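Note that this note's numbering has the sequence shown beginning at 32, numbered continuously upward.
By construction, the Cβ of each residue, glycine as well, lies at the ideal position given by its N, Cα and C atoms.
Note that the structure is a prediction, hence the values are computed from the model and not measured.
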Amino acid sequence: MELVSYYNNRALSKVASIMIAFLFCQPVFTSIPIILRISTEPFSILFRSIVLLLSLYVSVLYFFTRRNPRFQVSLSFICLIVFWVFYSIRLIYDISIRGLAYDGGDALFVYSIAFGNQLLPLIAIGLVGQYIVSEDLVKYLYIAFTMSSISAFALVIFFMGFNMDVFSNRSGIGEYGIQVIKLSFDGQVLIIMSVFILVFYRDLSILKKILLFVSIFIGIFGLLSGASRSPFFGTLLGLLLIAITFVAANDFKIEKILKLFFFSFTIVFLFVLIYINFLADLRIATFIRVVNFIQFRSEGAVEIRDFEYQMAWNQFLRSPVIGDAYIEEFTNFYPHNIFLELLMATGVVGTSLILVPMVRIFIRSRFLFNNFESNRSDVLLLIIFVLILFLSLFSGGLFANPIFWILFSYLAIKTDLCYDNLELLTTQNKA
Numbered sequence: 032m033e034l035v036s037y038y039n040n041r042a043l044s045k046v047a048s049i050m051i052a053f054l055f056c057q058p059v060f061t062s063i064p065i066i067l068r069i070s071t072e073p074f075s076i077l078f079r080s081i082v083l084l085l086s087l088y089v090s091v092l093y094f095f096t097r098r099n100p101r102f103q104v105s106l107s108f109i110c111l112i113v114f115w116v117f118y119s120i121r122l123i124y125d126i127s128i129r130g131l132a133y134d135g136g137d138a139l140f141v142y143s144i145a146f147g148n149q150l151l152p153l154i155a156i157g158l159v160g161q162y163i164v165s166e167d168l169v170k171y172l173y174i175a176f177t178m179s180s181i182s183a184f185a186l187v188i189f190f191m192g193f194n195m196d197v198f199s200n201r202s203g204i205g206e207y208g209i210q211v212i213k214l215s216f217d218g219q220v221l222i223i224m225s226v227f228i229l230v231f232y233r234d235l236s237i238l239k240k241i242l243l244f245v246s247i248f249i250g251i252f253g254l255l256s257g258a259s260r261s262p263f264f265g266t267l268l269g270l271l272l273i274a275i276t277f278v279a280a281n282d283f284k285i286e287k288i289l290k291l292f293f294f295s296f297t298i299v300f301l302f303v304l305i306y307i308n309f310l311a312d313l314r315i316a317t318f319i320r321v322v323n324f325i326q327f328r329s330e331g332a333v334e335i336r337d338f339e340y341q342m343a344w345n346q347f348l349r350s351p352v353i354g355d356a357y358i359e360e361f362t363n364f365y366p367h368n369i370f371l372e373l374l375m376a377t378g379v380v381g382t383s384l385i386l387v388p389m390v391r392i393f394i395r396s397r398f399l400f401n402n403f404e405s406n407r408s409d410v411l412l413l414i415i416f417v418l419i420l421f422l423s424l425f426s427g428g429l430f431a432n433p434i435f436w437i438l439f440s441y442l443a444i445k446t447d448l449c450y451d452n453l454e455l456l457t458t459q460n461k462a
C-alpha cells in the first residue's frame with residue numbers, strides 16, 4: 032500500500048514539528064550519562080544521529096507521499112540554500128584544504144553539526160514547512176522545553192540539593208557537565224512561552240493555568256541557576272515583546288495599555304519587595320554577574336569576547352566580499368556574534384543572503400496582527416526566534432547553532448508561502 036495512504040499533509044506536518052522540537056531536547060539525552068558520571072559524547076552522537084535520520088525521514092516522506100512532488104518557489108528559502116552552498120564551500124576549503132582547526136572539536140564534529148544537524152533539517156523544513164501547523168509546533172516545542180528544563184532541574188537538585196546555593200554556584204553546576212547557557216536559555220523560553228499562553232490563550236482551565244505557573248517556576252529556576260547574562264536580558268526582551276504584542280493585538284486601546292501598565296508595575300513592585308526583604312543577602316550569581324558586567328563596562332573593562340569581536344572584524348576587513356575564514360584567529364573559535372561571524376566567514380555576499388529572508392520575516396509578520404487570534408501561535412514562534420537571534424549575538428556560531436537555523440528555515444518558508452494570503456487580504460480590506 033502506498034505511503035500516501037498513511038501520510039496526508041496533516042500527518043507530515045506533525046512529523047516535521049516533532050523533528051523541530053526534538054532539536055531542543057539535547058539535555059534530556061545527556062542527563063543520564065551525567066548522573067552516571069560517564070562520557071556524554073556517545074549520547075551526544077546518538078542525539079545528532081537521530082536529528083540526521085529524522086531530517087532524512089521527513090524529506091523521504093515528502094517525496095514518497097506526494098503524487099507529484101515539486102518545490103514551491105520561495106525567495107527566502109532560495110537565499111538560505113544559496114547561502115549554505117556558499118558557506119559549505121567555505122567550510123570544506125578552510126578545514127580540508129587550508130587545515131584550519133576549530134578549537135572546540137575536530138573536522139568530523141564540525142561537518143556533522145553543520146551538515147547533519149543544520150543543513151539537512153533546513154532542507155527538510157523547506158520541503159514541508161508549508162504544511163506545518165503552527166499550533167502543533169508550539170505544542171511540541173513547549174513539551175520539548177519543559178522536558179529539557181525538568182531534566183536539567185533534576186540534575187542540579189541531584190548534585191547540589193534543593194537550596195539557594197544552586198543560584199550562586201554557576202561554575203560548580205558547569206563542572207558536573209551541565210550546559211549552563213542551555214540551562215538558562217531553556218528556562219528563559221519556558222518563562223516566555225508560559226507567560227504568552229497565560230496572557231493570550233483565553234480557553235485555559237484552572238489546571239492548565241496552575242501547570243503554566245509551575246512551568247514559570249521551573250523556568251525561573253533554570254534561568255537563575257544557569258546564571259547566563261544573555262538569557263537574563265533576553266527574558267526582559269521577551270517580556271517586552273509580549274507587552275508590545277498585547278498592545279498591538281488590542282488596537283492600542285488606552286484602557287488596555289493602562290491595564291498592562293498597572294499589572295506590570297504591580298509585578299515589578301512585588302518582585303522588588305520580595306527581593307529587598309528576602310533575597311538581598313543571597314548571592315544570586317545571575318544578578319551579581321549582571322551588576323559586575325554593567326560596572327566593568329562603565330569602567331572601560333574588556334572581556335575575551337571583545338578581542339574575538341575585534342579579530343572577526345579585522346578578518347572581515349581583510350576579505351570583505353567573500354569573507355576570510357570560518358573561525359576567528361584569536362582563539363580559533365567562533366566569535367560569539369552571528370552577524371560578525373557572517374561578515375568574517377562569508378563577507379558581504381553571504382551576509383546579504385541571510386539578511387534578505389530575515390528582513391522579509393520581520394517586515395511581513397505585521398500581517399499576523401490582522402487576525403491575531405488565529406495567528407497567535409505564529410507570533411509566539413516569532414518571539415522565540417527573536418530570543419534565539421538575541422542569544423546568537425553573544426553565543427553560538429554559524430556551524431554550531433541548529434536551533435537558530437531550523438526555526439529560521441521554518442519562518443522563512445512560512446513567510447513566503449503562507450503569509451501571502453494575509454497580505455492579500457489586508458490589501459483587499461484597505462481597497
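Worksheet item: With which residues is Glu-359 paired in a DSSP beta bridge?
Response: In the sequence shown, counting from the first residue as 1, residue 359 sits at position 328. Paired residues: Phe-364.
Worksheet entry | Three-state secondary structure (DSSP) of Leu-56 | Position 25 of the sequence shown, counted from the start, is the residue given in the question as residue 56. The residue you asked about is not Leu; residue 56 is Cys in the sequence shown. Three-state result, Cys-56: coil.
Fill in: Inter-residue Cα distance where the pair is Val-59 and Asp-217
What you label residue 59 is simply residue 28 of the sequence shown in a count that begins at 1. What you label residue 217 is simply residue 186 of the sequence shown in a count that begins at 1. Using only the alpha carbons, I get a separation of about 12 Å.
Fill in: Short Cβ contact (7 Å threshold) for Pro-381 with Phe-94
In the sequence shown, the residue the question calls residue 381 occupies position 350. In the sequence shown, the residue the question calls residue 94 occupies position 63. Contrary to the premise, residue 381 reads as Gly rather than Pro in this sequence. Not closer than 7 Å, so no.
Worksheet item: Excluding five sequence neighbours on each side, which residues of the same chain lie with their C-beta closer than 6 Å to the C-beta of Pro-431?
Response: Within the sequence shown, numbered from 1, the residue matching residue 431 stands at position 400. For the record, residue 431 in the displayed sequence is Ala; it is not Pro. Excluding sequence neighbours, Ala-431 sits near Ile-144.
Worksheet item: According to the Cβ coordinates, are Ser-396 and Leu-411 closer than 7 Å?
Response: By one-based count along the sequence shown, residue 396 stands at place 365. By one-based count along the sequence shown, residue 411 stands at place 380. Against a cut-off of 7 Å, the Cβ pair of Leu-411 and Ser-396 comes out as no contact.
Item to complete: Quick one: measure Cβ to Cβ for Leu-254 and Ser-215, integer angstroms, because I've assumed they're closer than 8 Å.
Response: Here residue 254 corresponds to residue number 223 of the sequence shown, with the count starting at 1. Here residue 215 corresponds to residue number 184 of the sequence shown, with the count starting at 1. About 5 Å separates the two Cβ atoms, so the contact holds.
Worksheet item: If you drop the 5 nearest sequence neighbours on each side, which residues of the same chain put their C-beta closer than 6 Å to that of Leu-172?
Response: Numbered from its first residue, the sequence shown carries residue 172 at position 141. Taken in chain order, the residues that qualify are Ala-52.
Practice prompt. Please classify Asn-200: does DSSP put it in a helix, a strand, or coil?
Written response: Within the sequence shown, numbered from 1, the residue matching residue 200 stands at position 169. It is coil, neither helix nor strand.
Worksheet item: Pick from Gly-378, Tyr-441 and Glu-359: whose alpha carbon is nearest that of Gly-428?
Response: Your numbering for residue 428 matches position 397 in the sequence shown. When each option's Cα is compared against that of Gly-428, the closest is Glu-359.
Worksheet item: Can you tell which of Ser-70, Gln-161 and Ile-319 has the C-alpha that lies nearest to the C-alpha of Asp-447?
Response: Position 416 of the sequence shown, counted from the first residue, corresponds to residue 447. Selected option, being the one with the closest Cα: Gln-161.
Fill in: Inter-residue spacing [alpha-carbon to alpha-carbon] between Ser-105 and Asp-167
Within the sequence shown, numbered from 1, the residue matching residue 105 stands at position 74. Within the sequence shown, numbered from 1, the residue matching residue 167 stands at position 136. Each residue's alpha carbon lies about 23 Å from the other.
Worksheet item: Over what stretch of residues does the alpha helix (DSSP H) that includes Ala-274 continue unbroken?
Response: Mapped onto the sequence shown, residue 274 falls at position 243. Looking at the DSSP string, the run of the alpha helix (DSSP H) that includes Ala-274 is 260 to 280.
Worksheet entry | Those runs of the alpha helix (DSSP H) which lie wholly inside the segment 87 to 128 and span at least 4 residues | 106 to 123
Discussion item. Any heavy atom of the ligand NAD closer than 6 Å to the beta-carbon of Phe-338?
Written reply: Inclusion of the ligand NAD in the displayed structure is not the case, the ligand content being empty and no account of it being possible.
Practice prompt. Can you tell me which of Thr-61, Tyr-142, Ala-132 and Leu-153 puts its alpha carbon nearest to the alpha carbon of Val-89?
Written response: The count along the sequence shown starts at 1 and reaches residue 89 at position 58. Per the Cα distances, Leu-153.
Worksheet item: So Val-141 is in the alpha helix (DSSP H); what residue range does that whole segment cover?
Response: For the purposes of this step, residue 141 is taken as the residue at position 110 of the sequence shown. First-last of the alpha helix (DSSP H) with Val-141: 138 to 142.
Worksheet item: For Lys-213, is the classification buried or exposed, using 16 other Cβ atoms within 10 angstroms of its Cβ as the cut-off for buried?
Response: The residue you call residue 213 lines up with position 182 of the sequence shown. Per the 10 Å Cβ criterion, buried.
Discussion item. For Glu-404, report the span of its alpha helix (DSSP H) as first-last.
Written reply: Counted from its first residue, the sequence shown places residue 404 at position 373. That run of the alpha helix (DSSP H) goes 403 to 423.
Item to complete: Could you tell me how far apart the beta carbons of Gln-346 and Asp-355 are, in whole angstroms, since I believe they sit closer than 8 Å?
Response: For this step, residue 346 is matched to residue 315 along the sequence shown. For this step, residue 355 is matched to residue 324 along the sequence shown. Their Cβ separation, rounded to whole angstroms, is 4 Å, which keeps Gln-346 and Asp-355 in contact under 8 Å.
Item to complete: Give every residue of the same chain whose Cβ lies closer than 8 Å to the Cβ of Ser-44, excluding the five residues on either side of it in the sequence, and list them in chain order.
Response: As a first step, residue 44 is located in the sequence shown; it is residue number 13 there, counting from the start. Excluding sequence neighbours, Ser-44 sits near Val-159, Tyr-162, Ile-163, Val-164 and Asp-167.
Discussion item. I'd like to check one pair, Ile-156 with Tyr-474: are the Cβ atoms closer than 7 Å?
Written reply: An answer regarding residue 474 cannot be provided, because it is not within the stretch 32 to 462 covered by the chain.
Practice prompt. Kindly list the residues whose CB is nearer than 7 Å to the CB of Gly-135, restricted to its own chain and excluding five residues on each side of it in sequence; keep chain order.
Written response: The residue given as residue 135 occupies position 104 in the sequence shown. The residues are Phe-364.
Worksheet item: So, are the CB atoms of Phe-403 and Ala-316 less than 7 Å apart?
Response: Locating residue 403 in the sequence shown gives position 372, where the first residue counts as 1. Locating residue 316 in the sequence shown gives position 285, where the first residue counts as 1. For Phe-403 and Ala-316, no; Cβs fall outside 7 Å.
Practice prompt. Inspect the CB distances between the segment 415 to 424 and the segment 247 to 267 and report whether three or more fall short of 8 Å.
Written response: yes
Worksheet entry | Endpoints, the alpha helix (DSSP H) within which Leu-348 is located | Along the sequence shown, one-based indexing puts residue 348 at 317. 335 to 349 is the span of the alpha helix (DSSP H), which, as asked, contains Leu-348.
Worksheet item: Does DSSP put Arg-68 in a helix, a strand or coil?
Response: The residue you call residue 68 lines up with position 37 of the sequence shown. DSSP places Arg-68 in coil when its eight states are reduced to three.
Fill in: Test item: CB-CB of Ile-273 and Phe-327 under 7 Å
Mapped onto the sequence shown, residue 273 falls at position 242. Mapped onto the sequence shown, residue 327 falls at position 296. Cβ atoms of Ile-273 and Phe-327: not closer than 7 Å.
Worksheet item: Counting only runs that start and end within the segment 149 to 208, where is the alpha helix (DSSP H) found for 4 or more residues in a row?
Response: 151 to 159, 165 to 191 and 201 to 206
Item to complete: Can you say whether Leu-384 is buried or exposed, counting buried as having 16 or more other CB atoms within 10 angstroms of its CB?
Response: Against the sequence shown, residue 384 aligns to sequence position 353. Buried.
Fill in: Three-state secondary structure (DSSP) of Ile-228
If you number the sequence shown from 1, residue 228 lands on position 197. Note: Ile-228 maps to helix in three-state DSSP.
Discussion item. Short of 7 Å in beta carbon distance, which residues of its chain neighbour Val-379, apart from the five on each side in sequence? Order them along the chain.
Written reply: Your numbering for residue 379 matches position 348 in the sequence shown. Once the five neighbours on either side are set aside, the close Cβ partners of Val-379 are Pro-351 and Val-352.
Worksheet item: Taking just the CA atoms, how far does Thr-362 sit from Leu-229?
Response: Translated into the one-based positions of the sequence shown, residue 229 becomes position 198. Translated into the one-based positions of the sequence shown, residue 362 becomes position 331. Cα-Cα distance, rounded: 44 Å.
Worksheet item: To the nearest angstrom, how far is it from the Cα of Gly-250 to the Cα of Ile-181?
Response: Translated into positions along the sequence shown, residue 250 becomes position 219. Translated into positions along the sequence shown, residue 181 becomes position 150. In a straight line, the C-alpha of Gly-250 is about 9 Å away from that of Ile-181.
Practice prompt. Starting from Ala-332, trace the alpha helix (DSSP H) both ways and give me its first and last residue.
Written response: On the sequence shown, position 301 is the one that residue 332 refers to. First-last for Ala-332: undefined, no H or E at that position.
Item to complete: State the start and end residues of the unbroken alpha helix (DSSP H) segment that holds Val-390.
Response: On the sequence shown, residue 390 is found 359 positions in, with the first residue counted as 1. Per DSSP, Val-390 belongs to the alpha helix (DSSP H) from 369 to 395.
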